[in-house]
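Going by this note's numbering, the first residue of the sequence shown is number 6, and it counts up by one from there. For each residue, glycine too, the CB sits at the ideal point set by N, CA and C. Because the structure is a prediction, the values reported are computed rather than measured. Have a look at the structure below before the remarks.
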Amino acid sequence: MKNYIKLLLALFTVALTGCEDVIDVDVQTDTLRLVVEASLDWEKGTTGNEQLITLRTSTPFFDTESTNVTGAEVSVTNNATGEVFLFTDQNNGTYTTSTFEPQLEATYTLEILYDGERYIAEDTMNPVPDITDIYQDTEDGFDDETIELHIVFTDFEEEGDNYLFKFERPQDLLPTLETGDDEFINGNEVDWWYEIDDDEDEEIQPLLPGDVVNISMHGISRSYFNYIDIVIDQMGGVGIFEATPVDVKGNCINTTNPDNYAHGYFRVTQTNKATYTVQ
């Protein structure tokens, strides 16, 4: 009887093995495009002279090779003064300068010459208020047992301010990004709170004592606000209440061949940074 059972198992294994077929799946590919990571952030209390821009090409789904772009010519111009800041190719996809001079309310133009084509982008540097206090409690969030962080600042008197907040713990795969404007808070003291929802499927835990949270607050242009707001919606995934994924175009225009636009965005911001340890 045991030998009979062993024979059946062997035949079943052979049958399964014989049913294996190689299936070729056509994966949809998109045009390879230049990807621009150009965030010139002037942290308060620093000169802001040292800045970095990263260039690469978009990556096919199964491609594991490096897509860093080298050999490009990269510069940023202050439109008001005409001063040009050249970024040096580090031969690893990064381009750096140590001479950038940030100026509030100034508009800057990025120019990239790559593979015979010219890309340009523009953004204006907006001021950011001082953070006057950071504290924690459990009273204002969606869960009265979950710790939330509070960032306190006073919005500027003139209307039209836009903000980007970035919260990041070392153990998190991705930071949390949030946007805000002063439509309903203009000129007032603002208490901006941040809470993490417990998500067992994604292995994300709420804020716990001992957690270190790195905080960035940026003063951003309205055009960048509109762009990053869509990006944040896309990061939420696809579900009943989430946004449908779309091709999000940044502000980098190809003046040589407009159809061959670049991904990414050129932004210039003034920034506050702080680190908070949850108690």
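Rounding to the nearest angstrom, what Cα-Cα distance links residue i and residue j in this structure?
| i | j | result |
| --- | --- | --- |
| T83 | D160 | Thr is not the amino acid found at residue 83; the sequence shown has Asn there. Approximately 26 Å, taken between the alpha carbons. |
| L37 | S63 | 5 Å |
| R174 | T261 | 42 Å |
| V217 | Y281 | 6 Å |
| E163 | G121 | 43 Å |
| S228 | Q210 | 33 Å |
| Y140 | I156 | 7 Å |
| D234 | T86 | 31 Å |
| M130 | T112 | 6 Å |
| T181 | E127 | 26 Å |
| I258 | L213 | 44 Å |
Can you find a C-beta in chain D that's less than 8 Å from the C-beta of residue i?
| i | result |
| --- | --- |
| T143 | Annotation note: the requested chain D is absent from the structure, which comprises a single protein chain. |
Given a cut-off of 8 Å, decide if residue j and residue i are closer than it, judged by their beta-carbon atoms.
| i | j | result |
| --- | --- | --- |
| T102 | T93 | yes |
| E48 | K278 | yes |
| M222 | Y168 | yes |
| Y124 | L39 | yes |
| E150 | F170 | no |
| I116 | E88 | Residue identity check: residue 116 is Glu in the sequence provided, not Ile. No, the pair does not count as a contact, with Cβ atoms beyond the cut-off. |
| D166 | G224 | yes |
Let me know if residue i comes out buried or exposed under the rule of 16 or more other beta-carbons within 10 Å of its beta-carbon.
| i | result |
| --- | --- |
| M240 | exposed |
| F189 | exposed |
| Q284 | exposed |
| T99 | buried |
| I152 | buried |
Should residue i be counted as a contact of the ligand FMN given a C-beta to heavy atom distance under 7 Å?
| i | result |
| --- | --- |
| D238 | As for the ligand FMN, it is missing from this structure, which has no ligand bound. |
Which residues in the same chain as residue i place their Cβ atom closer than 7 Å to its Cβ, once the five residues preceding and following it in sequence are excluded?
| i | result |
| --- | --- |
| K254 | Y266 |
| N73 | R61, N97, G98 |
| D138 | V157 |
Would you list the residues sitting across from residue i in a DSSP beta bridge?
| i | result |
| --- | --- |
| E122 | Y119 |
| D46 | T274 |
| R61 | V40, N73 |
Who are the Cβ neighbours of residue i in its own chain at under 6 Å, not counting the five residues just before and after it?
| i | result |
| --- | --- |
| D46 | T274, T276 |
| R272 | S44, D128, Y229 |
| E78 | L118 |
| E42 | T59, G269 |
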